[in-house]
Amino acid sequence: MKIYKAHILYTKEKDCFEVVENGYIAVDDGRVVGVGDSLSSLGCEGSEVTDFGDCMLIPAMNDLHVHAPQYRNQGIAMDLELLPWLENYTFPEEMKYADMGYAERMYRRFVRDLWRFGTMRSCVFATIHTESTRLLMQLFREAGMGALVGKVAMNRNCPDGLSETVEEAVKGNEALIAEFCETDALVRPIVTPRFVPSCTPEMLEACGVLASKYQLPVQSHLSENLSEIALVKELEPESTCYGDVYNRYGLFGQMPTVMAHCIWSQGEELELMKRNGVMVAHCPTSNLNIGSGMAPIRQFLDEGLRVGLGSDISGGHDLNIFRIMVFATQVSKMHYQQYHKAFLTLSEVFWLATKSAGSFFGRVGSFEPGYEFDALVIDDHDLNHSDYSLLHRLERFIYLGDDRHIVHRFCRGREIAEPRV
Ligand SMILES: [Zn+2]
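For the sequence shown, my numbering assigns the number 1022 to the last residue and increments by one with no breaks.
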């Protein structure tokens, strides 16, 4: 049993924070046993305590949508919309991941940067390349950080160097599945059809079979951009909506599924997502950068959809999920001006990034008993120069802080050291 002492802040429900000033948290075998305001309230009198003094202890961040091989393109090439952006910037970069030397150089930096910003779990797109995808999974495993990593399936509307046959895709996936097969492992494969325009019906069908045969989660993109939606309609005229294409192939909630963006999802598609428990990865920076639109997150929450936050590097420019919380709030305020729907509150965006997104990885993202201890220790003394309340200190860290304020990181109870680059 380990006991930590700090100011403890987390969200059980989206509408309010749990705040325990000078609190104690007991952790056993990687999981939270309890949170209390004294050792006796936890039944732990006389136990040894690791005291973090005036620091804040909060759940670690979860990134529900990020492309590791777009690391180089972070913060550049923001002048095009989705389809020409993929063709001109993204696909040429992803082709480089056939080169293991290049992949190692970039992937090491990528994992290190996730660590810097306190993201201990992520849903990651790699590329079609099995070898460099394996390397990325090994790097996460070495670091001790949780990740669902997808070897990307794509075989149409893409350059030759970024396309493979259905047979090759299945073979490569099965090799990774065999190697990373423990069901409770921190690093696991996730079935990853890039999106409908990139995958023939045969490829989508093979992905659905992989997910069901090996009981694996699924990730992809959905209703991000209007030209993309028109293209899907043209390619799959029999389907009643974009989401219906995935649904036909068992890729829409038959196994745990996260779909990035969903900006333009409505009607039947939303109903299907609700019924099947499909989770939305909301990526506000990406949606702004490549001009895709504003996802109606308030409406999604009101309707009971599951939502988390994603950085979507390199459509998004920032890996720091705290900053994504700020953008999510700001986008919801633009929405509020247009549609008069209440904007997102601080506790709501915090809950989206922690407990709600964490639910895709298991019991992750809260400090309730039984939750895995994924946590960050925040030393904000240089931001705390007045009589701020603990909630205002957290808010200032979210808006003004950066990785220098994160002084300890834990994943599943283990302190995570800086990964070597
Ligand atoms: Zn994406």
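Idealized CB from N, CA, C, for every residue including glycine.
Going by C-alpha positions, Arg632 is about 38 angstroms away from Lys942. If the five residues before and after Phe711 are omitted, its C-beta is found closer than 6 angstroms to the C-beta atoms of Ala669, Tyr672, all from its own chain and listed in chain order.
Across the structure, Gly637 and Asp652 are spaced so that their CA atoms are roughly 14 angstroms apart. The shortest CA-to-CA distance from Val908 to any of Ala861, Thr946, Ser813 is the one to Ala861.
Distances taken from the Cβ of Asp913 to the heavy atoms of ligand 1 include one shorter than 7 angstroms.
At least 8 angstroms separates the beta-carbon of Arg709 from that of Leu749. Under the three-state reduction of DSSP output, Asp652 falls in the strand class. Following the DSSP letters along the chain, one finds Met662 inside the beta strand (DSSP E) bounded by residues 662 to 668. His666 has its CB nearer than 7 angstroms to a heavy atom of ligand 1. Assignment of Thr955 by DSSP, reduced to helix, strand and coil, places it in the helix class.
Given a length threshold of 3 residues, each whole run of the beta strand (DSSP E) inside the region 810 to 848 is given here in chain order: 819 to 823. The DSSP-derived three-state label of Asp629 is strand.
Between ligand 1 and Gly909, a heavy atom-to-CB distance of less than 7 angstroms is absent.
Fully contained in the region 881 to 931 are the following beta strand (DSSP E) runs of length 3 or more, in chain order: 907 to 910. Between Ser912 and Val667, the C-beta gap is smaller than 8 angstroms, which places the two residues in contact. Remark: the shortest separation between the CB of His941 and any heavy atom of ligand 1 does not fall under 7 angstroms.
When the alpha-carbon of Gly809 is set against those of Glu839, Gln938, Asn774, the nearest one is in Asn774. Under DSSP, the beta-bridge partners assigned to Leu977 are Ile659, Arg1010.
Cα atoms of Leu873 and Asp845: separation of roughly 8 angstroms, rounded to the nearest angstrom.
Straight through space, the alpha carbons of Arg717 and Ala744 are spaced by roughly 12 angstroms.
For Tyr605, the enclosing beta strand (DSSP E) stretches over residues 603 to 614.
If you check the C-beta of Gly916 against ligand 1, you find a heavy atom less than 7 angstroms away. A straight line joining the alpha-carbon of Phe726 with that of Val932 spans about 25 angstroms. Take the alpha-carbon of Val879 and the one of Gly854: they are about 5 angstroms apart. Around the C-beta of Asp975, 16 or more other C-beta atoms lie within 10 Å, and the residue is accordingly described as buried.
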